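Protein chains in written order, with this note's numbering: chain U, 20 to 494; chain S, 1182 to 1370. C-beta atoms are modelled at their ideal positions from N, C-alpha and C, and glycine is treated no differently. Quick caveat, the model's predicted, so the values are computed rather than measured.
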């Protein structure tokens, strides 16, 4: 009797065990879960075939003749010295006066944020003609706004928070542009003759940045310096021939950002400094090793970078970006012939000075920037700090003086600050506190983000669809 | 003088009884009226006051909060780099789990045409944490907004989230206009 009971119990245990094991073995507790993997948005693969017929610089038209006695120059992004400070000895206004701003002329532009350069009375801008679908290098008279000539090529774009967003670089002999889809063009600035062009996407397998190209070219000793990303991190192109003089390899596959290349000299070596999507790099700008990487760092690598590096004293570089990235202060160190990078500060945007779009200005040994949207209580305010401590904001423009993503420039000891909606503020470029002077609504526009340019007492500004020339010369 | 009736104990009790009944009926009337009025109002949060603190996800009396993310499509930029969908330090703009900001994958990204994407909220998965709202507001147009879903809300007399809200963003609004979107669409869902 006892044996029989034990047999029943044993049989029951075996059957239960088999049932439990079967349930455990066959039951899939995650059968209703699905993995989030790339490709669920069904984005098609990019084939780049849409631009196969782009012929850079193919068309030209002359509209008017030109004479001018003006000699002022604002020859590239952030001016000749790449510091965004106008150094002409021209007295500028400190208020808008009884009758308001004196607007000399206006021209309609394609939607975007591309900004002009000024050279001996001429204004050059790489515009996008939405109706005819072409990148157009347009040349205007600074005094009258009359279009003198334009050179263009067909390229198809869709609106994506604006289309054009670069500033040409120019010298007496050359003007170099980069179009929204990474088409580089070089022309003769005197008569608009086409010299050469390079499609960076085709030649270097560049990935066109989000919202199109924002990098502004650099001309250094008649060599155009461009940072494509893709198969070459940086290239130097002989402006006279269009031949690529040197290429910097890109083993880490860093991508083109909206940031622009700046020059720097440290430890007796001239170098090109660039912040790609992936990291920061210093490339030799002289000697037999032109194009060689001297140093690089991937410690600060936001996914979107618009401001350019700000070169400080003694090998220090300030780099900032928006979209939560914040800023970093790095120190170059030279040991023998080798360079290395030391991170002095790195912080989120609400812990120090930062910028989402415009490049900060170093002026009289103080650093000025407009804080990004995620800059906490100082968001969108003009702030000032010492360049050796970026986490300590000395003063701000106040809660009532916020500027958004608009550009700012220093000229004749004054700030000219444009807000998103086209209001231009004049403030004294003081290092001790914000001294507001005057402001005026210039245009009733939006997204007035294109950098400002000043030469010969004339200020050029734009919103998303028009460019305006204002006389800011004091009487 | 002798005809003047004395106000005796019986009269006092009668009067007290009547006053009591009158007060009771008045109280019931007031209570019913208040309930009627309360029935015509609902709780809602004002997106312009919301600071995306995350308490909507944890303070609601429901197991999963009645506060949900709502997408105001009129305001959306249909961006490839969407601050509401992608983590700020994302390198690849795709649908991989490690790139998504939403802790429950409640936002679906769909390709429209290069370079535009549509973002849809799966309400059943949304817990109302507001992370996407914060991301969209910081880097985009602010088209993602938290709202109380009135199909889910039990309309407590005292909303538990309203008590916890540090921004005082909750208030009673008319049930006929129960949603407070900021932007181009108003009063509709």
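**Asked** Out of S:1352, S:1242, S:1238 and S:1278, which has the shortest C-alpha to C-alpha gap to residue 2 of chain U?
**Response** Outside the shown range of chain U (20 to 494) lies residue 2 of chain U, about which nothing can therefore be said.
**Prompt:** Given a threshold of 16 other Cβ atoms within 10 Å of its Cβ, counted over all protein chains shown, does residue 1301 of chain S qualify as buried or as exposed?
**Reply:** Within the second chain, the letter at position 120 stands for residue 1301 of chain S. Classification of residue 1301 of chain S: exposed, given that the 10 Å Cβ count is below 16.
**Asked** In terms of alpha-carbon separation, which member of S:1196, S:1235 and S:1206 lies closest to residue 1348 of chain S?
**Response** Sequence index remark: in the second chain, residue 1348 of chain S carries index 167 (1-based). Comparing Cα positions, the closest option is S:1235.
**Message:** Tell me the DSSP secondary structure of residue 1182 of chain S in three-state form.
**Reply:** For the purposes of this step, residue 1182 of chain S is identified with residue 1 of the second chain, where counting begins at 1. Note that residue 1182 of chain S scores a pLDDT of 48, beneath 50, so its modelled location is shaky and nothing firm can be said.
**Cross-chain neighbours of residue 1129 of chain S in chain U, by beta carbon under 9 Å** = Only positions 1182 to 1370 of chain S appear in this structure, which leaves residue 1129 of chain S out of reach.
**Request:** Please work out which residues of its chain come closer than 6 Å, Cβ to Cβ, to residue 1330 of chain S, disregarding the five sequence neighbours upstream and downstream, and give them in chain order.
**Result:** Your numbering for residue 1330 of chain S matches position 149 in the second chain. If we look at residue 1330 of chain S and ignore the five residues flanking it on each side, its Cβ neighbours are 1247 and 1249.
**Message:** For residue 291 of chain U, report the span of its beta strand (DSSP E) as first-last.
**Reply:** Taking the first residue of the first chain as position 1, residue 291 of chain U is located at position 272. That run of the beta strand (DSSP E) goes 288 to 295.
**Prompt:** When the distance is taken between beta carbons, is residue 1315 of chain S closer than 9 Å to residue 1283 of chain S?
**Reply:** As a position in the second chain, residue 1283 of chain S is number 102, starting the count at 1. As a position in the second chain, residue 1315 of chain S is number 134, starting the count at 1. Not closer than 9 Å, so no.
**Request:** Step through the CB atoms of chain S and report whether any lies within less than 9 Å of the CB of residue 322 of chain U.
**Result:** Stepping through the first chain from its first residue, residue 322 of chain U is reached at position 303. Residue 322 of chain U counts as touching chain S.
**Prompt:** In its own chain, which residues sit with a C-beta less than 6 Å from the C-beta of residue 1352 of chain S, not counting the 5 before and 5 after it?
**Reply:** As a working mapping, residue 1352 of chain S is identified with position 171 in the second chain. Taken in chain order, the list of residues that qualify is empty.
**Prompt:** Under the three-state reduction of DSSP, which class applies to residue 368 of chain U: helix, strand or coil?
**Reply:** If you number the first chain from 1, residue 368 of chain U lands on position 349. In this structure, residue 368 of chain U counts as helix in the three-state DSSP scheme.
**Asked** CB-CB under 6 Å to residue 103 of chain U, same chain, minus the five flanking residues each way: which ones, in chain order?
**Response** Your numbering for residue 103 of chain U matches position 84 in the first chain. Cβ neighbours of residue 103 of chain U beyond the five flanking positions: 97, 380 and 428.
**Prompt:** Is the Cβ of residue 392 of chain U closer than 9 Å to any Cβ of chain B?
**Reply:** Note that chain B does not occur in the displayed structure, where the protein chains are U and S.
**Prompt:** Is there contact here, the segment 274 to 290 of chain U with the segment 237 to 252 of chain U, by at least three beta-carbon pairs under 8 Å?
**Reply:** yes
**Request:** Within 10 angstroms of the Cβ of residue 162 of chain U, are there 16 or more other Cβ atoms? Answer buried if so, exposed if not.
**Result:** Taking the first chain and counting its residues from 1, the one referred to as residue 162 of chain U is at position 143. Buried, by the Cβ-count rule.
**Message:** Counting only Cβ-Cβ distances shorter than 9 Å, please list the residues of the segment 99 to 123 of chain U near chain S, keeping chain order.
**Reply:** none
**Item:** Spatially closest choice to residue 206 of chain U from U:483, U:437, U:299 and U:145, by CA coordinates
**Value:** On the first chain, position 187 is the one that residue 206 of chain U refers to. Ranking the options by Cα distance to residue 206 of chain U, first place goes to U:145.
**Item:** Contact list for residue 343 of chain U against chain S, beta-carbon separation under 8 Å
**Value:** Reading the first chain from its first residue, position 324 is the one you call residue 343 of chain U. Neighbours of residue 343 of chain U on chain S, chain order: 1269, 1270, 1319 and 1320.
**Prompt:** Nearest to residue 1305 of chain S by CA position, among S:1233, S:1298 and S:1286, is which residue?
**Reply:** Counted from its first residue, the second chain places residue 1305 of chain S at position 124. Ranking the options by Cα distance to residue 1305 of chain S, first place goes to S:1286.
**Nonlocal neighbours in the same chain, by C-beta distance under 7 Å from residue 1303 of chain S, ignoring five residues either side** = Mapped onto the second chain, residue 1303 of chain S falls at position 122. 1287 and 1289, listed in sequence order.
**Request:** Give the DSSP bridge partners of residue 1222 of chain S, in chain order.
**Result:** Numbered from 1 along the second chain, position 41 holds the residue referred to as residue 1222 of chain S. DSSP output for residue 1222 of chain S lists S:1355 as bridge partner(s).
**Message:** Taking the alpha-carbon of residue 489 of chain U as reference, which of U:147, U:189, U:447 and U:435 has the nearest alpha-carbon?
**Reply:** The residue labelled residue 489 of chain U in the question sits at position 470 within the first chain. It is U:435 whose Cα lies nearest to the Cα of residue 489 of chain U.
**Asked** To the nearest angstrom, how far is it from the Cα of residue 26 of chain U to the Cα of residue 32 of chain U?
**Response** Looking up residue 26 of chain U in the first chain gives position 7. Looking up residue 32 of chain U in the first chain gives position 13. Distance between the alpha carbons of residue 26 of chain U and residue 32 of chain U is about 10 Å.
**Message:** What would DSSP say about residue 472 of chain U, mapped onto helix, strand or coil?
**Reply:** As a first step, residue 472 of chain U must be located in the first chain, where it is residue number 453. Strand.
**Asked** Using 8 Å as the threshold, is the segment 206 to 223 of chain U in touch with the segment 158 to 172 of chain U, meaning 3 or more CB pairs across them?
**Response** yes
**Request:** Compute the beta-carbon to beta-carbon distance between residue 147 of chain U and residue 135 of chain U, rounded to the nearest angstrom, for a pair I have assumed lies under 8 Å.
**Result:** As a working note, residue 147 of chain U is residue 128 in the first chain. As a working note, residue 135 of chain U is residue 116 in the first chain. That belief does not hold up - the Cβ atoms of residue 147 of chain U and residue 135 of chain U are roughly 14 Å apart, past 8 Å.
**Prompt:** Could one say the Cβ of residue 1324 of chain S lies closer than 9 Å to chain U's Cβ atoms, at least one of them?
**Reply:** The residue given as residue 1324 of chain S occupies position 143 in the second chain. No - not a single Cβ of chain U is within 9 Å of the one on residue 1324 of chain S.
**Request:** Name the residue from U:403, U:418 and U:417 whose alpha carbon lies nearest to the alpha carbon of residue 411 of chain U.
**Result:** As a first step, residue 411 of chain U must be located in the first chain, where it is residue number 392. The shortest C-alpha separation from residue 411 of chain U is found at U:403.
**Item:** Top-ranked residue by Cα proximity to residue 1254 of chain S, from S:1346, S:1299, S:1307 and S:1214
**Value:** As a first step, residue 1254 of chain S is located in the second chain; it is residue number 73 there, counting from the start. Minimum Cα distance to residue 1254 of chain S is reached at S:1299.
**Message:** For residue 95 of chain U, count the other beta carbons within 10 Å of its own beta carbon; 16 or more makes it buried, fewer makes it exposed. Which is it?
**Reply:** Sequence index remark: in the first chain, residue 95 of chain U carries index 76 (1-based). Counting Cβ neighbours within 10 Å, residue 95 of chain U comes out buried, since at least 16 surround it.
**Prompt:** Quick one: what does DSSP say residue 143 of chain U is sitting in, helix, strand or coil?
**Reply:** Mapped onto the first chain, residue 143 of chain U falls at position 124. If DSSP states are grouped into helix, strand and coil, residue 143 of chain U belongs with the strands.
**Asked** Quick one: which chain U residues come within Cβ less than 7 Å of residue 1222 of chain S?
**Response** Locating residue 1222 of chain S in the second chain gives position 41, counting from the first residue. Per Cβ cutoff of 7 Å: no residues; residue 1222 of chain S is ~34 Å from chain U at best.
**Message:** Just checking: is the beta-carbon of residue 50 of chain U within a distance shorter than 9 Å of some beta-carbon in chain S?
**Reply:** On the first chain, position 31 is the one that residue 50 of chain U refers to. It does not: the Cβ of residue 50 of chain U has no partner Cβ on chain S nearer than 9 Å.
**Message:** Quick check: is the beta carbon of residue 1235 of chain S nearer than 9 Å to any beta carbon in chain U?
**Reply:** One-based indexing of the second chain puts residue 1235 of chain S at position 54. Answer no: the Cβ-Cβ gap between residue 1235 of chain S and chain U never drops below 9 Å.
**Request:** Would you check if there are 3 or more beta carbon pairs closer than 8 Å linking the segment 436 to 454 of chain U to the segment 470 to 490 of chain U?
**Result:** yes
**Asked** Going by the CB atoms, is the gap between residue 358 of chain U and residue 347 of chain U shorter than 9 Å?
**Response** What you label residue 347 of chain U is simply residue 328 of the first chain in a count that begins at 1. What you label residue 358 of chain U is simply residue 339 of the first chain in a count that begins at 1. For residue 347 of chain U and residue 358 of chain U, no; Cβs fall outside 9 Å.
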